[in-house]
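J.:
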Amino acid sequence: MSRIEAFAAAVGVDDHAALHRWSVTDLDGFWSAVVEHLGVEFTTPPTAVLGRREMPGARWFPGAELNYAAHALRGTGGVAVVAYSQTRDVIELTWDELRDQVARARAGLVRLGVGRGDRVVAYLPNIPETLVAFLATASLGAVWASCAPEFGARAVIDRFAQIEPTVLLAAPGYTYGATPVDRRAEVAALRAGLPTVRHVVAVPGDLPDATTWADLLAEPAGPAFDPVPFDHPLYVLFSSGTTGKPKAIVHGHGGITVEHLKNHALSWDLGPGDRILWFSTTAWMMWNALVSGLLCGASVVLVDGNPVHPDVGWQWRIAQETGATLMGASPGFLMACRAEGYVPPPLPRLRQLGAAGSPLPPEGYRWVAEHLDGVLLNVGSGGTDVCTGIVQGSPWQPSVTGEIAGPALGVAAAAFDEDGKPVVGELGELVITEPMPSMPVGFWGDPDGSRYRSSYFDVWPGVWRHGDWVRFSGSGSCVIAGRSDATLNRGGVRLGTAEFYAVVEELPGIVDSLVVHLEDPAGGNGELLLFVQLAEGAELDEARIARELRTALSPRHVPDRITAVPVVPRNRTGKKLELPVKRILLGAEVDDTARGVLADPTALDVFPGLR
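In our numbering, the protein residues as written are 109 to 719.
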């Protein structure tokens, strides 16, 4: 029996539809059951489950105190962390070793003057030291934030400077694939651009005038966890910054502990003895989700480096070697495996394959079904804003090709039309009509909450507008059609970007694609532009692309212009950057859009010449 079925049995519910209905109509009953069933430990008990229900400003578990790190370090016996890297050999930490290192790091941070509410930031890859430093920071009630070391200094300063950190943990360098990467110049620029930083910790290796990791962990200490209020800041996650200054999104100890326990145990079916592998950099919310596998007593597999070096099989071999029971991947990675004709090795312990970050085309579903028989494909979509899945599957729901199973437990998700009415069977704005524990505590540097309100609640008061374009079926399953702010309005008809990509990227010779729509200020149809990245030696066949789009979708989907570009711009988590391209085509400078978050720093350079 899966853990979600055991939970349903414990609360007396017979099927998933009824369980979800209860989870969004009786918030007090559902979340109280989650806390009890999954063992949330309050050092001070709450006076209620939901003190204030209105959004924004819903108040969860008022009066409660707890600590995220205390929950993450409850595991016993065996290995807690396995770390693969292209910089060094495999590292394993037992639960006792992890607790010891966290306690030592906590003591080291205290020696550096870190206390409750101080900000500790990391410019580090996905390595054990990063996890240890995060848990040590959380144990103190200090506030964590991280950026991956492939980010340029400007992009990091744009993020970290907002929260005025006192300690910076930084890597002098790392290896990406077979290439050593020196980041000492970037670290120097960070020190110059972050005047509030009092101490730098080199992890691993050495930096000028920096504490070493060994020095930070030098003094033995026993485990200690400071109780903090439910909504006390745990970490700050940053939005992509593609539409302006990155938002500094604050998540609380309690909201993340409760939501991730629910998500990981019930949707991902994780518990003691399980092992989660999900490739992520420290700049993506999936890193935060990955390390929360510890909350369930599962061990976590950290992977640092080029995800397809020396080939696309590297991650699959790690899954085989570690006995991963849940593996997560980006849809782009799965489609690359399909394109190469890759066949995964036997994975007898694997029960679930997660996919998130962008829509997975139907061909990706079929590839998984063909090569991973008996493994549940759990496609989800959520966001940094809630640090969890909004729509996704579970072991108690079927996986339907091309669709996401439906809203996650506790998430009152729906599609709204332009009048704010729920719609089924047609595209609408993805909204959440009831509060969730992991909705942000707020934005850093937004004391009156105005930026927070304008980001999610500006269209329909009291309703969270997530920014995705979605179609729900009558059975509750759904398809994400792309970002609603990148939606294509063609003759008054809204078109999602994902349906374009599903057709275009199946054509021979096309590696990747990106579509934008430039509105006509005079009220005309505007201009629909399609950019394609061709395979080596392939030639652009505009007529064939237009014909396929017309046949598979509609005449409205035929672009006004089709242009080949050297590479389709994506950020470092694999998301296509439609909005920066659109802004450049409308006259913005490349450096004012998203260069700092590009996977390929040159990917936007061609677009000013295409205006």
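Ideal Cβ placement from N, Cα and C applies to all residues, glycine included.
Let me confirm a value: Ala-215 is counted as buried when at least 16 other C-beta atoms fall within 10 Å, else exposed. Which label applies?
T.: Here residue 215 is taken as the residue at index 107 of the sequence shown, counted from 1. Ala-215 comes out buried.
J.: By a C-beta neighbour count over all protein chains shown, 10 Å radius and 16 as the cutoff for buried, is Val-719 buried or exposed?
T.: Indexing the sequence shown from 1 puts residue 719 at position 611. The sequence given here has Arg at residue 719, not Val. Result: exposed.
J.: Give me the Cα-Cα distance between Arg-678 and Leu-706, rounded to the nearest whole angstrom.
T.: For the purposes of this step, residue 678 is taken as residue 570 along the sequence shown, with counting starting at 1. For the purposes of this step, residue 706 is taken as residue 598 along the sequence shown, with counting starting at 1. Cα-Cα distance, rounded: 6 Å.
J.: What residue ranges within the region 481-558 form continuous alpha helix (DSSP H) runs of no fewer than 4 residues, ordered along the chain?
T.: Listed in chain order, nothing qualifies, since the region 481-558 has no complete alpha helix (DSSP H) run of 4 or more residues.
J.: For Pro-453 versus Trp-422, is the C-beta distance shorter than 8 Å?
T.: Start at 1 with the first residue of the sequence shown, and residue 453 comes out as number 345. Start at 1 with the first residue of the sequence shown, and residue 422 comes out as number 314. Not closer than 8 Å, so no.
J.: Output needed for Pro-530: all residues of its chain with C-beta closer than 7 Å, excluding positions within five of it in sequence on either side, in chain order.
T.: For the purposes of this step, residue 530 is taken as residue 422 along the sequence shown, with counting starting at 1. Cβ neighbours of Pro-530 beyond the five flanking positions: Ala-522, Ala-523 and Phe-524.
J.: Assuming Arg-474 contacts Thr-430 under a Cβ cut-off of 8 Å, what Cβ separation, rounded to an integer in Å, is found between them?
T.: Taking the first residue of the sequence shown as 1, we reach residue 474 at position 366. Taking the first residue of the sequence shown as 1, we reach residue 430 at position 322. The Cβ separation is near 27 Å, so there is no contact.
J.: Near Ala-635, which residues of its chain fall below 8 Å by C-beta distance, leaving aside the five closest residues on each side in sequence?
T.: Position 527 of the sequence shown, counted from the first residue, corresponds to residue 635. Strictly speaking, residue 635 in this sequence is Glu, with Ala absent from that position. Only His-625, Leu-626, Asp-628, Asp-668 and Arg-669 meet the Cβ criterion.
J.: Would you check if the distance between the CB atom of His-372 and the CB atom of Ala-286 is smaller than 8 Å?
T.: Taking the first residue of the sequence shown as position 1, residue 372 is located at position 264. Taking the first residue of the sequence shown as position 1, residue 286 is located at position 178. No, they are not a contact pair.
J.: In whole angstroms, what separates the C-alpha of Gln-720 from that of Glu-607?
T.: What is shown of the chain runs 109 to 719, which leaves residue 720 out entirely.
J.: In the DSSP assignment, find the beta strand (DSSP E) that holds Pro-688 and state where it starts and stops.
T.: Along the sequence shown, one-based indexing puts residue 688 at 580. Premise fails: Pro-688 lies in the alpha helix (DSSP H), 686-693, not in any beta strand (DSSP E).
J.: How many angstroms separate the CA atom of Trp-572 from the CA atom of Thr-319?
T.: One-based indexing of the sequence shown puts residue 572 at position 464. One-based indexing of the sequence shown puts residue 319 at position 211. C-alpha separation (whole angstroms): 43 Å.
J.: Do the CB positions of Ala-464 and Gly-501 come within less than 8 Å of each other?
T.: Position 356 of the sequence shown holds residue 464. Position 393 of the sequence shown holds residue 501. No, these two residues do not count as a Cβ contact at 8 Å.
J.: Can you round the beta-carbon distance between Val-275 and Leu-220 to whole angstroms, since I take them to be within the 8 Å contact cut?
T.: Looking up residue 275 in the sequence shown gives position 167. Looking up residue 220 in the sequence shown gives position 112. At roughly 6 Å, the Cβ-Cβ gap stays under 8 Å, so Val-275 and Leu-220 are in contact.
J.: Would you mind stating whether Gly-71 and Leu-402 have Cβ atoms separated by less than 8 Å?
T.: What is shown of the chain runs 109 to 719, which leaves residue 71 out entirely.
J.: Straight-line CA distance for Ala-711 to Glu-448?
T.: The count along the sequence shown starts at 1 and reaches residue 711 at position 603. The count along the sequence shown starts at 1 and reaches residue 448 at position 340. Straight-line Cα distance between these residues: approximately 23 Å.
J.: Report the three-state DSSP secondary structure of Pro-176 (helix, strand or coil).
T.: Numbered from its first residue, the sequence shown carries residue 176 at position 68. This sequence places Tyr at residue 176; Pro is not what is there. Note: Tyr-176 maps to helix in three-state DSSP.
J.: What does DSSP give as the partner residues of Asn-234 in its beta bridges?
T.: Here residue 234 refers to the residue found at position 126 when the sequence shown is read from its first residue. Answer by DSSP bridge pairing: none, since Asn-234 is not bridged.
J.: If you draw a straight line from the C-alpha of Thr-166 to the C-alpha of Leu-181, how long is it?
T.: Numbered from its first residue, the sequence shown carries residue 166 at position 58. Numbered from its first residue, the sequence shown carries residue 181 at position 73. The amino acid occupying residue 166 in the given sequence is Ala; Thr does not appear at that position. Those two C-alpha atoms are separated by around 29 Å.
J.: Assign Ser-662 to one of two classes, buried (16 or more other C-beta atoms within 10 Å of its C-beta) or exposed (fewer than that).
T.: Taking the sequence shown and counting its residues from 1, the one referred to as residue 662 is at position 554. So Ser-662 counts as exposed.
J.: Does the pairing of the region 579-597 with the region 675-694 give three or more beta-carbon distances under 8 Å?
T.: Cβ pair count under 8 Å is three or more, so yes.
J.: Quick check: the region 361-372 against the region 327-342, are there 3 or more CB pairs under 8 Å?
T.: Touching, yes, given that three or more Cβ pairs across the two stretches are closer than 8 Å.
J.: Determine which residues share a DSSP beta bridge with Arg-579 and list them.
T.: Residue mapping note: residue 579 aligns to position 471 of the sequence shown, counting from 1. Beta-bridge pairing links Arg-579 to Val-587.
J.: Assess contact between the region 290-306 and the region 260-268, defined as three or more Cβ pairs (one per stretch) separated by less than 8 Å. Is contact present?
T.: Touching, yes, given that three or more Cβ pairs across the two stretches are closer than 8 Å.
J.: Can you tell me which of Ala-646, Gln-641 and Gly-584 puts its alpha carbon nearest to the alpha carbon of His-128?
T.: Within the sequence shown, the letter at position 20 stands for residue 128. For the residues Ala-646, Gln-641 and Gly-584, the minimum Cα distance to His-128 belongs to Gly-584.
J.: Taking only the alpha-carbon atoms, compute the straight-line gap between Val-587 and Phe-580 and give it to the nearest angstrom.
T.: As a working mapping, residue 587 is identified with position 479 in the sequence shown. As a working mapping, residue 580 is identified with position 472 in the sequence shown. Approximately 7 Å, taken between the alpha carbons.
J.: Taking the alpha helix (DSSP H) that Phe-268 falls in, what are its first and last residues?
T.: Here residue 268 refers to the residue found at position 160 when the sequence shown is read from its first residue. That run of the alpha helix (DSSP H) goes 261-268.
J.: Determine whether the beta carbon atoms of Val-311 and Leu-232 lie at a separation below 8 Å.
T.: On the sequence shown, position 203 is the one that residue 311 refers to. On the sequence shown, position 124 is the one that residue 232 refers to. A contact, by the Cβ cut-off of 8 Å.
J.: Do you know offhand how far Arg-160's Cα is from Phe-115's?
T.: One-based indexing of the sequence shown puts residue 160 at position 52. One-based indexing of the sequence shown puts residue 115 at position 7. In a straight line, the C-alpha of Arg-160 is about 26 Å away from that of Phe-115.
J.: Classify Pro-674: buried if its beta carbon has 16 or more other beta carbons within 10 angstroms, exposed otherwise.
T.: Here residue 674 corresponds to residue number 566 of the sequence shown, with the count starting at 1. So Pro-674 counts as exposed.
J.: With DSSP as the reference, label Glu-144 as helix, strand or coil.
T.: Mapped onto the sequence shown, residue 144 falls at position 36. Glu-144 falls in the helix class under three-state DSSP.
J.: Do Glu-327 and Glu-471 count as a contact pair if the criterion is CB distance below 8 Å?
T.: Counting from one through the sequence shown, the residue named residue 471 turns up at place 363. Counting from one through the sequence shown, the residue named residue 327 turns up at place 219. No, these two residues do not count as a Cβ contact at 8 Å.
J.: Please list the terminal residues of the continuous alpha helix (DSSP H) segment that includes Met-443.
T.: On the sequence shown, residue 443 is found 335 positions in, with the first residue counted as 1. From DSSP, the alpha helix (DSSP H) with Met-443 extends over 439-447.
J.: Quick check on DSSP: helix, strand or coil for Ser-375?
T.: On the sequence shown, position 267 is the one that residue 375 refers to. Here Ser-375 sits in helix by DSSP.
J.: In the structure shown, what three-state DSSP assignment does Arg-652 receive?
T.: Along the sequence shown, one-based indexing puts residue 652 at 544. Looking at Arg-652 - three-state DSSP - the assignment turns out to be helix.
J.: Apply the 10 Å Cβ neighbour rule to Lys-776 and answer buried if 16 or more other Cβ atoms are within range, or exposed otherwise.
T.: With the chain represented from 109 up to 719, any question about residue 776 goes unanswered, as that position is not in the structure.
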